[in-house]
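One structure is given here, and the rest of the page talks about it.
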Amino acid sequence: MEMHDNQFLRRLEEITGKGGILVAEQEIEPYLQDQRGRYHGKACAVAFPSSTEQVAEVVRLCRQEKVSIVPQGGNTSLVGGSVPDETGKSLILSFKRMNRVRAIDADNFTLTAEAGCILQDIQEAAAACDRLFPLSLGAEGSCQIGGNLSSNAGGVQVLRYGNARELVLGLEVVLADGRIWNGLRGLRKDNTGYDLKQLFIGAEGTLGIITAAVLKLYARPREVATALVAVPDPAAAVRLLGRIRAASGESVTSFELMCRRGLEFAERHVEGGQIPLDAPSPWYVLVELFGGREGRGLHDTLEESFSDGLEENLLSDAVIAGNETQRHKLWRLREGIVEAQKFEGASIKHDVSVPVSEVPAFIEKGTEAVLAMVEGARPVPFGHVGDGNIHFNITQPEGMDPAAFLARWTEVNARIHDIVVEMGGSISAEHGIGQLKRTENMRFKSEVEIDLMRTLKNALDPEYLLNPGKVI
150 MEMHDNQFLR RLEEITGKGG ILVAEQEIEP YLQDQRGRYH GKACAVAFPS
200 STEQVAEVVR LCRQEKVSIV PQGGNTSLVG GSVPDETGKS LILSFKRMNR
250 VRAIDADNFT LTAEAGCILQ DIQEAAAACD RLFPLSLGAE GSCQIGGNLS
300 SNAGGVQVLR YGNARELVLG LEVVLADGRI WNGLRGLRKD NTGYDLKQLF
350 IGAEGTLGII TAAVLKLYAR PREVATALVA VPDPAAAVRL LGRIRAASGE
400 SVTSFELMCR RGLEFAERHV EGGQIPLDAP SPWYVLVELF GGREGRGLHD
450 TLEESFSDGL EENLLSDAVI AGNETQRHKL WRLREGIVEA QKFEGASIKH
500 DVSVPVSEVP AFIEKGTEAV LAMVEGARPV PFGHVGDGNI HFNITQPEGM
550 DPAAFLARWT EVNARIHDIV VEMGGSISAE HGIGQLKRTE NMRFKSEVEI
600 DLMRTLKNAL DPEYLLNPGK VI
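Numbering (my numbering), first residue to last: 150 to 621.
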C-alpha cells in the first residue's frame, strides 16, 4: 500500500466527506489503545463514514488496496477486540457519525438503530415511547450498539432478557467484498432458511461489519423491587434465586453475587459506597425484580421470600429499597466493586461462566487454586450468578509489586480456565475473545469447532481483511 498512501487517503476522504478521516499521529492516538491499556496498535488512518453506502465504498476501496479494516464502536472492549495490530497497515472504521435511530415501531415493540448509537441513547429512545430496551452494562454511556452486538454483550439483565443475541430481530451488514446485506426485518417468525444474522452477532467484526439493527423492545416495568441480601455462601444464593424465581413468576431481572471483600473495597474507595446492613456477612446478593403493575406486589413477594429464607438459613438479613434513591445506592455498591479494585493494586481478571448449579463449586475450586499459586492473593468473585457468569477477579497480595503479580496472568488464567472447562463452562461469558483469549480459545475448542469457524471465515472474508488477529 505504501506506493499509494496519498491516493488511498484522498479517495478515503472523497468517500467520507470533509472531516471524515483522521491521519495525524496525535489525532488517531486515542483510537489505538484499549480501555485497560493492555493493547496498543498502529493504523494508517481513522475513517468516519456517515452512511451504510459509505461503509460499503470504504470496504471496496480497502479490498482493492489490500488494507485491513478494524471496526470500532465506543472502544470499550476488554479483550482488545477493537485495537489494530502493530503493522500500521490497518484502517480503523469508527461509527461515531452513524448514530441515528432510524425508526421506532411501538406496536411491534421494535427499534431500528445505526451501529454508532450509544447504548444509553437507545434505552432513552425506547423509554420515550413507553418501552424498555433491556441491555444494560457499565459502559452503556459510551459503548455503541454495533460493538454490543459484535461482541454479544451481556450485562446485568441477561437472566430475564438474554444476551445481545436474543435482543436482535434483524441486521444490516456490509460484507468483506463491499456488498450490503439488508436483513432489517422486524419479524419474530421467519422460517425461510439459515438465520444469517446470528453469523455476525458475536463475531467481533471478523465476518462482516454491522451497520444497523432491528432491536427488540419490551414493556416498561411499572414496579421495580430491589434488595440487598446477606447470604452465608454462594450455594445459599443459588437456592434463594430458585425460590424467588418461583415465587415471583419469573420476574427476576438481576441477581448479582458479591463477596464481602469486594464490597469492602467499594466502601473504602467509592463515594456513596456503604453496606446498609448491620452485621457483616461473607456474601451478598443484589436482587431486582420488574413487574407490570404499579403497587407493592413484588415488594411483598421479596419480603415473603426473605422470611422463608431466614427459616431455611438461606440468608441472615436483607434490606429492600424504599425509593429510587435507595435503589441507586444499592446498585452503586455493585458497580463500585470494579471501580474500587484499581485502588487496591493490580488485578488478574476472568470473565467466565458455568452452569448456575456449578457456581458455588467453581468459586471454591477457583479460590483454592489461586491461593495455592499466589500466596496472599485476594480473590474478588462477583457477577451475574443468575446466568452463571462470574467475574473471577484476583487482586494482588498487599505489598506485592504489581508488575510481578501481572506477570502471572497467563499462568493463573490457564488454571482458572481449566477448572471452568472441566465444569462444562466457557472462558468468555460476555466480553468476547478479541486478542486476549484467542490462543486460549483455540486450546479448548474441538477440531470440528475450529474447522467450522475457519470455514466460515474463509467463505465470508477469504482475504482476511476484517479485524485480523481477532477471535481466530
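For each residue, glycine too, the CB sits at the ideal point set by N, CA and C.
Just so we're clear, the structure is a prediction, and the values are computed from it rather than from any experiment.
- Going by beta carbons, S502 and V387 fall outside the 8 Å limit.
- In the DSSP assignment, G223 is bridged to no other residue.
- With respect to the 8 Å criterion, G458 and L389 are classified as neighbours on the basis of their beta carbons.
- Under the DSSP assignment, N590 falls in the alpha helix (DSSP H) whose first and last residues are R587 to F593.
- The C-alpha of L348 is placed about 21 Å away from the C-alpha of C292.
- DSSP places H540 in the strand class (E or B) of the three-state scheme.
- When the Cα atoms are used, P530 and V307 turn out to be separated by approximately 18 Å.
- Collapsing the DSSP output to three states places R557 in coil.
- The segment 595–610 and the segment 239–252 do not touch, with fewer than 3 CB-CB distances between them shorter than 8 Å.
- Counting only residues of its own chain and dropping the five nearest sequence neighbours on each side, R409 has a CB closer than 8 Å to the CB of P429, S430, P431, W432 and Y433.
- Per DSSP, W480 has no beta-bridge partner at all.
- By the Cβ test, the segment 581–599 is not in contact with the segment 529–545, since fewer than three Cβ pairs between them sit closer than 8 Å.
- Between L286 and G304, the C-beta spacing is below 8 Å.
- Within the segment 346–389, the complete beta strand (DSSP E) segments of 3 residues or longer fall at 358–365 and 372–380, listed in chain order.
- For H418, the closest alpha carbon among the candidates V219, R483, L318 and N538 is that of R483.
- In this structure, DSSP gives G485 a helical state, which the three-state scheme calls helix.
- Under the 8 Å Cβ criterion, the segment 588–603 does not count as touching the segment 533–553, having fewer than three qualifying pairs.
- Collapsing the DSSP output to three states places A196 in a strand.
- The DSSP assignment places complete beta strand (DSSP E) segments of no fewer than 3 residues inside the segment 448–520 at 466–469 and 500–502, in order along the chain.
- Inclusion of G169 and F197 in the CB contact set at 8 Å is warranted, their separation being smaller than that value.
- Ranked by Cα distance from D567, the first of K514, L609, L464 and A521 is K514.
- Each residue's CA atom was taken as its position, placing E461 and V534 some 20 Å apart.
- In the structure shown, E437 falls within a strand segment according to DSSP collapsed to helix, strand and coil.
- Straight-line measurement puts the Cα of G222 at about 19 Å from the Cα of Q175.
- DSSP lists no beta-bridge partner residue for P233.
- In the structure shown, D427 falls within a coil segment according to DSSP collapsed to helix, strand and coil.
- Of all C-beta pairs linking the segment 372–380 to the segment 329–348, fewer than three are shorter than 8 Å, placing the two stretches out of contact.
- L336 places its beta carbon 8 Å or farther from that of W330.
- The alpha carbon of H540 has as its nearest neighbour, out of E473, S456, D256 and L227, the alpha carbon of L227.
- Comparing alpha carbon positions, the residue from P179, V401 and Q213 closest to V232 is P179.
- When the alpha-carbon of R392 is set against those of T450, E416 and G537, the nearest one is in T450.
- Where D254 is concerned, the enclosing beta strand (DSSP E) starts and stops at V250 to D254.
- S299 carries a helical assignment under DSSP once its states are collapsed to helix, strand and coil.
- Within the same chain, Cβ atoms closer than 6 Å to the Cβ of V570 are found at F593, the five residues on either side in sequence being excluded.
- In the pairwise beta carbon analysis, the segment 211–220 is classified as not touching the segment 250–261: fewer than three pairs are separated by under 8 Å.
- Of the residues V317, I621 and Y613, the one whose Cα lies closest to the Cα of K238 is Y613.
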